[in-house]
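Chemist:
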Amino acid sequence: FVAAALWLRWPSFDHSLWNVDEAIHAAAARVLLDGGVLYRDAIDQRTPLTYHAIAGLFALCGENNLWAARCAVALLIAATGFLLFLTGRNLGHKTAGWISGGLYVALGSAALFQGDAHAINTEWFVAFFSSAAAALFLAGNRQPGIARSLGAGLLLGCAFLSKQPALLEVVAPLAMVLYLGWRERPG
Numbered sequence: 018f019v020a021a022a023l024w025l026r027w028p029s030f031d032h033s034l035w036n037v038d039e040a041i042h043a044a045a046a047r048v049l050l051d052g053g054v055l056y057r058d059a060i061d062q063r064t065p066l067t068y069h070a071i072a073g074l075f076a077l078c079g080e081n082n083l084w085a086a087r088c089a090v091a092l093l094i095a096a097t098g099f100l101l102f103l104t105g106r107n108l109g110h111k112t113a114g115w116i117s118g119g120l121y122v123a124l125g126s127a128a129l130f131q132g133d134a135h136a137i138n139t140e141w142f143v144a145f146f147s148s149a150a151a152a153l154f155l156a157g158n159r160q161p162g163i164a165r166s167l168g169a170g171l172l173l174g175c176a177f178l179s180k181q182p183a184l185l186e187v188v189a190p191l192a193m194v195l196y197l198g199w200r201e202r203p204g
């Protein structure tokens, strides 16, 4: 997954492209690095996690280092593909896990307009945290206990903090509850 994501996205790492989301992330991250306060000195409608993530990346790799940020997003996409594999495997469908993870990496990198798909977007973070929650929640052979449920809830909270709330963010946890109810129904 890592090799595929890096190979598909490599040409855009150093390529100059204009994307509003990426520009907002870079500008807000610079304000945070300069000691500014989010929602006072840098304002956008998104929630704070991705701005702080990009600011942390700029602090580690150099200010305005979009090459490093795009590389990190490619690795995030590869990690999401791996989490989709784990989810499929945990449900007893290893092949489906490989296919879903591979399709996520390939289609997320090659099917959409590159100006949007190859930029730093909050959706990559939402998909990662949601996939991590699903992989954790479905790990093991029996119903999740309190620790796995709390961990999945924490990861879904991170997904919520990655992008403004929307109706679709309620669908995944609701679908999981319905699925588990269906799977564990009496004979």
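Residue numbers (my numbering): 18 to 204.
No residue lacks a Cβ here, since even glycine has one placed at the ideal position from N, Cα and C.
Quick caveat, the model's predicted, so the values are computed rather than measured.
1) Look at the alpha carbon of A1 and the alpha carbon of S147, and state the distance between them as a whole number of angstroms.
2) Would you mind reading off the limits of the alpha helix (DSSP H) that contains P28?
3) Pairing CB atoms from the segment 21 to 34 with CB atoms from the segment 111 to 128, are three or more of them under 8 Å?
4) Classify A59 as helix, strand or coil using the three-state DSSP reduction.
5) Between E201 and the rest of its own chain, which residues show a CB-CB distance below 8 Å, the 5 nearest in sequence each way excluded?
6) Applying the 10 Å Cβ sphere with the 16-neighbour rule, what's the burial state of H32?
7) Look at the Cβ atom of L92, then the Cβ atom of H69, and state whether they are nearer than 9 Å.
8) From E39 to A113, what does the alpha carbon distance come to, in whole angstroms?
9) Label K180 either buried or exposed according to how many other C-beta atoms from any shown protein chain fall within 10 Å of its C-beta, with 16 as the threshold for buried.
10) Given a threshold of 16 other Cβ atoms within 10 Å of its Cβ, counted over all protein chains shown, does W141 qualify as buried or as exposed?
11) Quick check: L103 and A144, are their CB atoms within less than 9 Å of each other?
12) Whose C-alpha, out of I137, M193, G162 and A164, is nearest the C-alpha of A86?
Modeler: To lay it out plainly:
1) Limits of the chain in this structure are 18 at one end and 204 at the other, which puts residue 1 out of reach.
2) V19 to F30
3) yes
4) strand
5) Q160
6) exposed
7) no
8) 32 Å
9) buried
10) buried
11) no
12) I137
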